[in-house]
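See below for the structure under consideration.
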Amino acid sequence: MQINREQLFRASCLSLLVTSLSFGIRAGILNKLGVDFQLDKAQLGSITATAFWGFPLAVVFGGFIVDVIGMKRLLVLAFLFHLAGILLTIFAQGFWTLYISTLLVGLANGTVEAACNPLVTSLYTDNKTTKLNHFHLWFPGGIVIGTLIVLLFNKIGLGWQVQVGVMLIPTLIYGYLFSRLDFPVTERVASGVSTGDMYKAILNPLFIFMFICMFGTAITELFTGQWIDVLLKNVTDNALLILTLDTGVMVIGRGFAKPVLKKISPQALLLISAILGAIGIYLLGTLTGNAVFFAAIIFGMGVCFFWPTMLGFVNTNMPETGALGLNLMGGAGMFAVSIYTMFMGSYYDRVVAEAHGNGAFAGQQILHTTLIIPCVLVVAFIGLNIYMKGRAKKSAAAVQV
0 MQINREQLFR ASCLSLLVTS LSFGIRAGIL NKLGVDFQLD KAQLGSITAT AFWGFPLAVV
60 FGGFIVDVIG MKRLLVLAFL FHLAGILLTI FAQGFWTLYI STLLVGLANG TVEAACNPLV
120 TSLYTDNKTT KLNHFHLWFP GGIVIGTLIV LLFNKIGLGW QVQVGVMLIP TLIYGYLFSR
180 LDFPVTERVA SGVSTGDMYK AILNPLFIFM FICMFGTAIT ELFTGQWIDV LLKNVTDNAL
240 LILTLDTGVM VIGRGFAKPV LKKISPQALL LISAILGAIG IYLLGTLTGN AVFFAAIIFG
300 MGVCFFWPTM LGFVNTNMPE TGALGLNLMG GAGMFAVSIY TMFMGSYYDR VVAEAHGNGA
360 FAGQQILHTT LIIPCVLVVA FIGLNIYMKG RAKKSAAAVQ V
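The opening residue of the sequence shown carries number 0 in numbering that gives the first Met the number 0; numbering runs sequentially from there.
If you want it as structure tokens, here you go:
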């Protein structure tokens, strides 16, 4: 069996592109869906949240079975979920068809991550965090492409059904590519770490700490990005362009992960990210007009490295956690976003009602509430940096002895 590392990596990136296109296009058409199907913000929040809780359901389940059935079979399943979800969205008739189709896409997205994160770490065992950043640049990359598709197709008068249909092209391509390639076993299996040892490793206090922090990093990045058009549509006429700018910054940042990680440690990068993320959210909720674009750049710089660096940190420092550890982290992040999205959808409607229809005020309140999360992360990651420095000193002392 011959493993073509580069082709597998490219196919993985393409499957993640479909995942991110679903986020970018959905963010762009969210208000349009609300108008066409007469849905309030709470209903839109429920539909959006479905993708986020469908994701952790698939990614955690995938984490438990990926070593047993193999990464290839999981990716065939992801392809089928994507295909069904996209087609059902195109032919949606109301709340429930949108809800089910979004759930299917969420399951597909989670299954892609359940297979591709361990695939990348298995292909690049000596360069995990950098390659995870390169892989995950296709998430913001797809959001940029998706939002630009929405803007372009809206301008030329093509409906949201056509915009969603665009996702069929990369879906069919990645399904074909994965069907003809051979896959390695996961790194954990290859290194001989037993299933029992893997389960013990996820009870490590450091893993539990990072698992909890993943709630905050995911909400800071994904909730704000997914709802940016809704939150800022009353502040600027270019709310969707702000999402495009923010995610464009993320693409560039993740593309330059290698030189960045040569200069600073992953834990230091997470601390800097939390600080910039907090500043970015504060500015998004405070600035108006063209100044909001500056806020989007700062925010993009902040959340740029969060997701892949969290995964890379765990898999590098606790490799025994294997595919399960990677997928529990991803599941934790998306589950947190799903709960937060549902809560904030209802909160937005309540604030708008109390403010007599003032959507700009409601969006500002949501952002100010969300600001608490990266502020807590700053404190948490200061603690992580102190702990890792102490651990490094102990290791150095043990080597000398």
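Every residue, glycine too, gets a C-beta built ideally from N, C-alpha and C. Only a predicted model underlies this, so the values are computations on that prediction, with no experimental measurement involved.
Going along the chain, which residues of its own chain have a beta-carbon closer than 7 Å to the beta-carbon of Phe51, five neighbours each way excluded? Here the question's residue 51 lines up with position 52 in the sequence shown. If we look at Phe51 and ignore the five residues flanking it on each side, its Cβ neighbours are Gly105, Met333, Val336, Ser337, Thr340.
Let me check understanding here. Comparing Cα to Cα, which of Cys12, Val65, Phe360 lies closest to Thr194? Counting from 1 along the sequence shown, the entry for residue 194 is found at position 195. Closest in C-alpha terms to Thr194, from the list Cys12, Val65, Phe360, comes Val65.
Mind checking which residues open and close the alpha helix (DSSP H) that includes Ala91? Numbered from its first residue, the sequence shown carries residue 91 at position 92. According to the DSSP assignment, Ala91 belongs to no alpha helix (DSSP H), since it is labelled neither H nor E.
Just to confirm the assignment, what range does the alpha helix (DSSP H) spanning Tyr346 have? Counting from one through the sequence shown, the residue named residue 346 turns up at place 347. In the DSSP assignment, Tyr346 falls within the unbroken alpha helix (DSSP H) covering 321-353.
Straight-line Cα distance separating Pro307 from Met343: In the sequence shown, the residue the question calls residue 343 occupies position 344. In the sequence shown, the residue the question calls residue 307 occupies position 308. Cα-Cα distance, rounded: 25 Å.
Count the other C-beta atoms from every protein chain shown that fall within 10 angstroms of the C-beta of Leu202, then say buried if there are 16 or more, exposed otherwise. As a first step, residue 202 is located in the sequence shown; it is residue number 203 there, counting from the start. With fewer than 16 other Cβ atoms from the protein chains shown falling within 10 Å of its own Cβ, Leu202 counts as exposed.
Quick one: using the 10 Å Cβ neighbour count with 16 as the cut-off for buried, is Asn116 buried or exposed? As a position in the sequence shown, residue 116 is number 117, starting the count at 1. Asn116 is buried by the Cβ-count criterion.
For Val291 and Arg72, what's the separation of their Cα atoms in angstroms? Against the sequence shown, residue 291 aligns to sequence position 292. Against the sequence shown, residue 72 aligns to sequence position 73. Cα to Cα, the separation comes out at about 44 Å.
Nearest-angstrom Cα distance between Ile211 and Leu157? On the sequence shown, residue 211 is found 212 positions in, with the first residue counted as 1. On the sequence shown, residue 157 is found 158 positions in, with the first residue counted as 1. C-alpha of Ile211 to C-alpha of Leu157: approximately 42 Å in a straight line.
Alpha carbons only, please: which of Leu76, Ser190, Phe94, Ala331 is nearest the one belonging to Ser178? Taking the first residue of the sequence shown as 1, we reach residue 178 at position 179. Ranking Leu76, Ser190, Phe94, Ala331 by CA distance to the CA of Ser178 puts Leu76 first.
Any idea if Val161 is buried or exposed, counting beta-carbon neighbours within 10 angstroms, 16 or more meaning buried? Residue 161 sits at position 162 when you count from the first residue of the sequence shown. Exposed: under 16 other Cβ atoms inside 10 Å.
Quick one: give me the first and last residue of the alpha helix (DSSP H) that Met317 is part of. As a first step, residue 317 is located in the sequence shown; it is residue number 318 there, counting from the start. Annotation for Met317: no alpha helix (DSSP H) segment contains it, and DSSP assigns it neither H nor E.
Taking 8 Å as the threshold, find out whether the stretch 273-280 comes into contact with the stretch 307-327 through three or more Cβ pairs. Note that the stretch 273-280 does not touch the stretch 307-327; fewer than 3 beta-carbon pairs, one per stretch, sit closer than 8 Å.
Verify whether the separation of the beta carbon atoms of Ile24 and Gly109 is less than 9 Å. Residue 24 sits at position 25 when you count from the first residue of the sequence shown. Residue 109 sits at position 110 when you count from the first residue of the sequence shown. Not in contact: Ile24 and Gly109 (Cβ atoms no closer than 9 Å).
In chain order, what residues of the same chain lie with their CB nearer than 6 Å to the CB of Pro139, ignoring the 5 residues before and after it? Position 140 of the sequence shown, counted from the start, is the residue given in the question as residue 139. Shown here for Pro139: same chain residues with a beta carbon closer than 6 Å to its own, the five before and five after excluded, namely Thr246, Met249, Val250 in chain order.
Just how far apart, CA to CA, sit Asn316 and Val259? Here residue 316 refers to the residue found at position 317 when the sequence shown is read from its first residue. Here residue 259 refers to the residue found at position 260 when the sequence shown is read from its first residue. Rounded to whole angstroms, the separation of the alpha carbons of Val259 and Asn316 is 19 Å.
For Gly182, collect the residues of the same chain with a Cβ closer than 8 Å to its Cβ; drop the 5 residues on either side in sequence, then sort them by chain order. Position 183 of the sequence shown, counting from 1, holds the residue named residue 182. Per the sequence presented here, residue 182 reads as Phe, with Gly not at that position. Cβ neighbours of Phe182 beyond the five flanking positions: Ile2, Leu7, Gly69, Met70, Lys71, Leu118.
Span of the alpha helix (DSSP H) around Glu5: Along the sequence shown, read from residue 1 onward, the residue named residue 5 stands at position 6. Element bounds for Glu5: 4-35.
Evaluate the contact criterion for the stretch 88-103 versus the stretch 363-378: three or more CB pairs, one atom per stretch, below 8 Å. Per the Cβ contact rule, the stretch 88-103 is not in contact with the stretch 363-378 (fewer than 3 Cβ pairs under 8 Å).
Do you know offhand how far Ala107's Cα is from Thr88's? By 1-based counting over the sequence shown, the position of residue 107 is 108. By 1-based counting over the sequence shown, the position of residue 88 is 89. The straight-line gap from Cα to Cα measures roughly 14 Å.
Can you give the Cα-Cα distance for Phe312 and Leu205, rounded to whole angstroms? On the sequence shown, position 313 is the one that residue 312 refers to. On the sequence shown, position 206 is the one that residue 205 refers to. So the two alpha carbons sit approximately 11 Å from each other.
Measure the beta-carbon distance from Asn132 to Leu270 and round it to whole angstroms, keeping in mind my assumption that it falls under 8 Å. As a first step, residue 132 is located in the sequence shown; it is residue number 133 there, counting from the start. As a first step, residue 270 is located in the sequence shown; it is residue number 271 there, counting from the start. Asn132 to Leu270, Cβ: 17 Å. No contact.
So for Asn108, helix, strand or coil by DSSP? Taking the sequence shown and counting its residues from 1, one reaches residue 108 at position 109. DSSP places Asn108 in helix when its eight states are reduced to three.
Under 9 Å between C-beta atoms of Ser264 and Cys303: Along the sequence shown, read from residue 1 onward, the residue named residue 264 stands at position 265. Along the sequence shown, read from residue 1 onward, the residue named residue 303 stands at position 304. Not closer than 9 Å, so no.
Proximity below 9 Å, CB of Leu13 to CB of Leu176: To locate residue 13, count along the sequence shown from 1; it is residue 14. To locate residue 176, count along the sequence shown from 1; it is residue 177. Contact flag set, yes.
Please look up how many angstroms separate the CB atoms of Thr129 and Phe222, rounded, as I've assumed it's under 8 Å. Within the sequence shown, residue 129 is the residue found at index 130, counting from 1. Within the sequence shown, residue 222 is the residue found at index 223, counting from 1. No, Thr129 and Phe222 are not in contact; Cβ-Cβ is about 27 Å, not under 8 Å.
Ala113 and Val192 - do their beta-carbons sit closer together than 9 Å? Within the sequence shown, numbered from 1, the residue matching residue 192 stands at position 193. Within the sequence shown, numbered from 1, the residue matching residue 113 stands at position 114. Cβ atoms of Val192 and Ala113: not closer than 9 Å.
Backbone CA spacing between Met387 and Ser394 [nearest angstrom]: Within the sequence shown, residue 387 is the residue found at index 388, counting from 1. Within the sequence shown, residue 394 is the residue found at index 395, counting from 1. Near 10 Å, if we compare the C-alpha coordinates of Ser394 and Met387.
Buried/exposed call for Ser11, threshold 16 Cβ in 10 Å: Counted from its first residue, the sequence shown places residue 11 at position 12. Taking all protein chains in view, the Cβ of Ser11 is crowded by 16 or more other Cβ atoms within 10 Å, so the residue is classified as buried.
Beta-carbon spacing of Thr18, Gly141 below 9 Å: Translated into positions along the sequence shown, residue 18 becomes position 19. Translated into positions along the sequence shown, residue 141 becomes position 142. A contact, by the Cβ cut-off of 9 Å.
Distance check for Phe63 and Ser121, CA to CA, integer angstroms please. As a first step, residue 121 is located in the sequence shown; it is residue number 122 there, counting from the start. As a first step, residue 63 is located in the sequence shown; it is residue number 64 there, counting from the start. Ser121 and Phe63: Cα-Cα distance of roughly 17 Å.
Could you give the distance in angstroms between the alpha-carbon of Ser21 and the alpha-carbon of Gln37? Within the sequence shown, numbered from 1, the residue matching residue 21 stands at position 22. Within the sequence shown, numbered from 1, the residue matching residue 37 stands at position 38. If you take the alpha carbons of Ser21 and Gln37, they lie about 21 Å apart.
So for Cys303, helix, strand or coil by DSSP? In the sequence shown, the residue the question calls residue 303 occupies position 304. In this structure, DSSP gives Cys303 a state outside helix and strand, which the three-state scheme calls coil.
Straight-line gap, Gly166 to Trp159 (C-alpha atoms, nearest Å): Locating residue 166 in the sequence shown gives position 167, counting from the first residue. Locating residue 159 in the sequence shown gives position 160, counting from the first residue. Note on residue identity: the sequence assigns Met, not Gly, to residue 166. Rounded to the nearest angstrom, the two C-alpha atoms are 12 Å apart.
Range of the contiguous alpha helix (DSSP H) that encloses Ser45: Your numbering for residue 45 matches position 46 in the sequence shown. Run containing Ser45: 40-68, per the alpha helix (DSSP H) assignment.
Exposure of Glu5, with buried meaning 16 or more beta-carbon neighbours within 10 Å: For the purposes of this step, residue 5 is taken as residue 6 along the sequence shown, with counting starting at 1. It counts as exposed.
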